[in-house]
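Colleague:
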Amino acid sequence: MTKKQKKIVEASLEVQLPLNNEKIAKSVCNATAPENQETPKGVTAISKLQGSKIKFTVNANASFFDLISTTEDFFEKVALSLKTVETLE
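Going by my numbering, the sequence shown opens with residue 59, and the numbers climb by one from there.
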């Protein structure tokens, strides 16, 4: 499928990510914040700290690939952040 042929979807995804404590959740939320700004056209991403949880919401009026890749990028940064926090403890 070429770029011009990409099917546009309207979709929303919300994930609540429970972590061990509020300090770790805050560190991970801060580390992943740039992902909210670096989204493809038609995609918005928001991360919010809720105690020891991170609530991640993605809204898309774009290709399904853009929705999935934005979500995947977020989780890659979460994994990297958790690995860093684990190393520092």
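Here a beta-carbon is modelled for each residue, glycine too, at the ideal position from N, C-alpha and C.
Helix, strand or coil: which one does DSSP assign to Lys97?
Modeller: In the sequence as presented, Lys is not what sits at residue 97; that position holds Thr. Looking at Thr97 - three-state DSSP - the assignment turns out to be coil, as it is neither helix nor strand.
Colleague: For a test of the three-state rule: what should DSSP assign to Asn46, helix, strand or coil?
Modeller: Outside the displayed range of the chain (59 to 147) lies residue 46, so it cannot be described from this structure.
Colleague: Below 8 Å, how does it come out for the segment 64 to 71 and the segment 106 to 125: are there three or more Cβ pairs, yes or no?
Modeller: Yes, the segment 64 to 71 is in contact with the segment 106 to 125.
Colleague: Span of the alpha helix (DSSP H) holding Lys141?
Modeller: From DSSP, the alpha helix (DSSP H) with Lys141 extends over 122 to 146.
Colleague: Run the CB neighbour count on Ile104, radius 10 Å, all protein chains shown included, and call it buried at 16 or more, exposed below.
Modeller: Result: exposed.
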